[in-house]
Structure formats: C-alpha cells, structure tokens
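Taking it in order: structure first as structure tokens, then the write-up.
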Amino acid sequence: MVAVYGIPYLEPRLVAERLGTQTPSHFDVTQAAVELIREDIARRSEAGPVHSVVLAHTFASGGITSDSERDLSIGGLGAVPLDLFDGFGYTALGHLHGRQELSERVRYSGSPLAYSFSEARHRKGAWLIDIGVGGVESVEEVLWKAPRELAILRGKLAELLESEEHSWAETAYCQVTLTDSSRPAQAMEQLRARFPETLVLGFDPEDAAGKVKASYSSRLAEAEDDLGVCCGFLDHVRGRPADETELSALREALEAVRLEGAEL
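Everything in the sequence shown is counted per the working numbering, starting at 2 for the first residue and increasing by one.
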C-alpha cells in the first residue's frame, strides 16, 4: 500500500493551538503535522506494509533559496531540520524554486518556470519517482526547456546593441544594467529594438565603481544654495556630478524661477 500525505504551508500563529503546540514556530507546527502522519501510518501498518510519500510546503535545512520565495521567518528560524522526515519512503518538498536533492529520500522539485531573474541559471524540471511493492525503486531527473529564457545583461548601451555575443538574448526576457557614464536618452526604447522582452532596466556607471556614495540627506545638508541642491541630486541619482553644460542650464533655470518670484 502507498499512502500519500500532504502538509500545506502552515502559518504558525493560526494553527499552533489547533495542532496542540506550545510555541507558534514553523518547526513546532510542522513537527506536529508529521506526528499525525506517523500515527496514521502506524494504524495502517497493522493491515500490512505501508510505503509513505509526504508532500510538504516548507523550508528544510540545507535548501538553497532564491529571491523569488517568500521568507517563512526572520533569521532562518523557519527552517525545519531534515531529519524531521526520517522514516518516510519519500518526501517531496515545495517552497524553494530551485530543483535540488537534500538527501536520497528528500528533494525539492522546484518551480516549473522562473519567477524572477535570480532563477536565470536554474535548470527547470522535476523528479520522476517510481514506487513499487518494495517502496521507492528509482528516481529520474526530468528536464524541460522554458518557452523563453532569462537573460541578465550588463554593459554600455552601444556594446549591448551591437555585440553578436548577446544575440541569444534577443528572444529572452531581459534584465539589463547599463554602465554608461551618463544615462543614454530613450535607453529602454533602444534596448527593446533589439531585445523586445526587456523587463528590467538599471544603471550602474562604471566610473562610479568604488566611489563612496553619500546619503541624499547629507548632500542636502552640504548644499550652500539652490544650485548645490540640484547638483547634489544629479550626483546622487546617476553617480557623477553635473558638467559645465548642465551647470549652465541649471543656473538659467534657477534664475528664471527667481525672476518669477517663486521659491524652491
């Protein structure tokens, strides 16, 4: 006989009392659920051998996380020890999006598709488990190709638009970080001309690398006048100070505001 048991995500504060646990923690409520399963297996075993399969939505110690999963608790206190599932024929875990093997009898299948760019290097698939009269007989890794890949690109806009090295990403969902010294005009439009599925665009100027970035509030405190406030803002958001052309434009704009009698 094969008995399959499901443990859904258990919110400790909501189920602790119902499960009779003293502390509302992920470990305690999961342990209580596991004990109920063990009791049921013991009863069924009186009629003959029982091969158990447990499906659990939880974070087991040793699992590798990505940015996609919801944190079950702060500081890792939501992780349950792997040996909590000792004695079961097989334990199929859910919650972590990366397919991984924690032990011979405990595995995460992972998500069928990527949920964020932190999963760009995941090999998506599942585990095919063959259970016979003697229990688990074989475990086979099954892989599949996503309809669209994830690409994480970084570099100057011109390089990204021209380099053949990135041709594979033209049909992928793209996260792009531009390293140009100044933000190119209509950067997203230009990128989507080559990479139509660009979803995320960020800026990280190369010449700002290693530069200690002051907080915006400290920049405001250091500003001696309105021009200093504007220049501090530019330096803060793009990582480099205003050039002479920009300084001239800012002075003209501030003078126009002053003549109109407005206040910043």
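Quick reminder that beta carbons are idealized off the backbone N, C-alpha and C, glycines included.
Per-residue burial, Gly-233 [other beta carbons within 10 Å of its own, 16 or more giving buried]: Along the sequence shown, read from residue 1 onward, the residue named residue 233 stands at position 232. Buried, by the Cβ-count rule.
Beta carbon of Ser-46 nearer than 7 Å to that of Gly-90: Against the sequence shown, residue 46 aligns to sequence position 45. Against the sequence shown, residue 90 aligns to sequence position 89. At a Cβ-Cβ threshold of 7 Å, Ser-46 and Gly-90 do not count as neighbours.
Pro-206 versus Gly-136 - alpha carbon distance: The sequence position of residue 206 within the sequence shown is 205, counting from 1. The sequence position of residue 136 within the sequence shown is 135, counting from 1. Between Pro-206 and Gly-136, the C-alpha separation is close to 57 Å.
Three-pair Cβ contact test at 8 Å for the stretch 3-14 versus the stretch 54-64: Yes, the stretch 3-14 is in contact with the stretch 54-64.
Cβ-Cβ distance between Val-177 and Leu-154 below 7 Å: The residue you call residue 177 lines up with position 176 of the sequence shown. The residue you call residue 154 lines up with position 153 of the sequence shown. A contact, by the Cβ cut-off of 7 Å.
Best match in Ser-104, Pro-197, Lys-157 for proximity to Glu-150 [C-alpha to C-alpha]: Within the sequence shown, the letter at position 149 stands for residue 150. Closest by alpha carbon: Pro-197.
Bridge partner(s) assigned by DSSP for Phe-204: In the sequence shown, the residue the question calls residue 204 occupies position 203. According to DSSP, residue pairing for Phe-204 in a beta bridge involves Leu-179.
Cα-Cα separation between Glu-245 and Leu-162, rounded to whole angstroms: Counted from its first residue, the sequence shown places residue 245 at position 244. Counted from its first residue, the sequence shown places residue 162 at position 161. For Glu-245 and Leu-162, the distance between alpha carbons rounds to 29 Å.
DSSP-derived helix/strand/coil call for Leu-97: Residue numbering aside, residue 97 sits at position 96 when the sequence shown is read from its first letter. Here Leu-97 sits in coil by DSSP.
Burial state of Ser-74, where buried means 16 or more other Cβ atoms lie within 10 Å: Here residue 74 refers to the residue found at position 73 when the sequence shown is read from its first residue. Confidence in Ser-74 is poor, its pLDDT being 48 and thus under 50, which makes the residue's placement unreliable; the coordinate value appears in the next sentence. Under this definition Ser-74 is an exposed residue.
Three CB pairs or more closer than 8 Å across the stretch 26-36 and the stretch 116-125: The count of Cβ pairs closer than 8 Å, one atom from the stretch 26-36 and one from the stretch 116-125, stays below three, leaving the stretches out of contact.
Cα-Cα separation between Leu-78 and Asp-41, rounded to whole angstroms: What you label residue 78 is simply residue 77 of the sequence shown in a count that begins at 1. What you label residue 41 is simply residue 40 of the sequence shown in a count that begins at 1. With a pLDDT of 47 at Leu-78, under the threshold of 50, the modelled position of this residue cannot be trusted; read the value that follows with caution. For Leu-78 and Asp-41, the distance between alpha carbons rounds to 28 Å.
Reduced DSSP secondary structure (H/G/I, E/B, other) of Leu-267: No information on residue 267 is available, as it lies outside the stretch 2 to 265 that the chain covers here.
Exposed unless 16 or more other CB atoms sit within 10 angstroms - verdict on Ala-152: In the sequence shown, the residue the question calls residue 152 occupies position 151. Ala-152 comes out buried.
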